[in-house]
Amino acid sequence: MNTPLYRPPAEAGSLILQVDEGCPYNRCTFCSMYSEVPYRCLDMDEIRQIVDAERGRSAQRIFLADGDVMRRPFDQLREILELLNDAFPDVARINTYAAGSGILDKSEEELKVFKSLKLHTLYMGIESGDEETLELVCKGETAEQMVEAALRAQAAGLHMSIMVLLGLAGTACSAEHARNTALVLNRMQPRLLSFLRVVPVPGSGFAGQIASGEIEQLSERGVVEELREIIAGLELQKTVLRANHSSNVVPVEARMPRDKATLVDQLDSLVSSGKLDGDSPGHMPLWL
Ligand code: SF4
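Numbering-wise (this note's numbering), the sequence shown opens with residue 20 and increments by one.
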């Protein structure tokens, strides 16, 4: 298998097992992760071979790649989880990426079965809580669907790690993106929340939307102002918040609600410091 392998930063120490290739949707304009990868679910014989090659090693945390493993039908994913529990008796957490639709086609009872088989954290990129912004970037799911999915997963005892993209709505709809994202996050109450800045990867649909003028890219200062607006709108009860990806203008790590007021003050100070570029996006990473 020679396809790119993606995992969240928090999974750096996990055993990564690739049970799928690519993303079944693959049409979000901002995402080029799997643009060259035809979607394919490995069959159980292939997965058994991969697992057997690792069998016997200690693995308390496992991350199942690729783009949307929850999309698999209930019986298939249960079989994979059972196989992992058998091969790695000390496994405590099995985590994976999940889109809303792959959660919503499972019942709460089915999700509880996954939970009993050590499925623990689902990483979901909601990108925005604003329906128009989601349409603009062809997300393929609505904010309402993603809220429903997150609540169902959490009702079954699973943890949600939610990812939001700063700058996704450009200058025109930044305020709506910020306001509606905060509202959606308040309904979801995720345990983990990450902010990344959208990077217009050359050749991506999002880069094309900027080039055509459909989206006007936020300045460096605009991105920080947007983050400040989202955080100011958050009413979270118990969430670890991070914005420490290489794409972020300023690294942030906080516990909510404890650190909210301090964080808003710090971001206000940064915005008014004159240190941020108000005319251009400033430094962007060359790769993600
Ligand atoms: S953002 Fe997620 S759902 Fe959209 S194309 Fe990329 S991997 Fe697929």
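The C-beta atom is built at its ideal place from N, Cα and C for all residues, glycine as well.
Every unbroken beta strand (DSSP E) inside the stretch 38-99 [3 residues or more]: 80-84, all fully within the stretch 38-99.
MET179 CB to nearest heavy atom of the ligand SF4 below 6 Å: no
PRO219 burial status per 10 Å Cβ neighbour count (16 or more: buried): With 16 or more Cβ atoms within 10 Å of its Cβ, PRO219 is classed as buried.
Assigned secondary structure, HIS302 (DSSP; H/G/I helix, E/B strand, else coil): coil
Given TYR44 as reference, the closest of ALA31, LEU34, GLU30, ARG59 once Cα atoms are compared: ARG59
Nearest-angstrom Cβ-Cβ length linking ALA78 and VAL110, presumed shorter than 8 Å: 6 Å
GLY136 vs LEU100 beta-carbon contact at 7 Å: Gly is not the amino acid found at residue 136; the sequence shown has Leu there. Result yes, Cβ atoms of LEU136 and LEU100 sit closer than 7 Å.
Near the ligand SF4: MET52 beta-carbon under 6 Å from a heavy atom: Answer for MET52: yes, Cβ within range of the ligand SF4.
LEU141 in three-state terms, based on DSSP: strand
Ordered list of alpha helix (DSSP H) runs contained in the stretch 120-192, each at least 4 residues: 127-135, 150-155, 162-174
Extent of the continuous beta strand (DSSP E) run through PHE308: Since the first and last residues shown for the chain are 20 and 307, residue 308 lies out of range.
Range covered by the alpha helix (DSSP H) that runs through VAL242: VAL242: member of the alpha helix (DSSP H) spanning 239-252, first to last residue.
CB contact flag (CYS115, VAL156, <7 Å): Correcting the residue identity first, residue 115 is Thr in this sequence and not Cys. In this structure, THR115 keeps its C-beta atom at 7 Å or more from the C-beta atom of VAL156.
Given 8 Å, three or more beta-carbon pairs between the stretch 203-218 and the stretch 163-182: yes
Contact test: CYS47 Cβ vs the ligand SF4 heavy atom, cutoff 6 Å: yes
Contact test: CYS60 Cβ vs the ligand SF4 heavy atom, cutoff 6 Å: Not one heavy atom of the ligand SF4 lies closer than 6 Å to the C-beta of CYS60.
Buried/exposed call for GLU55, threshold 16 Cβ in 10 Å: exposed
Given 8 Å, three or more beta-carbon pairs between the stretch 134-151 and the stretch 225-232: The stretch 134-151, when compared against the stretch 225-232, does not touch it at the 8 Å Cβ threshold.
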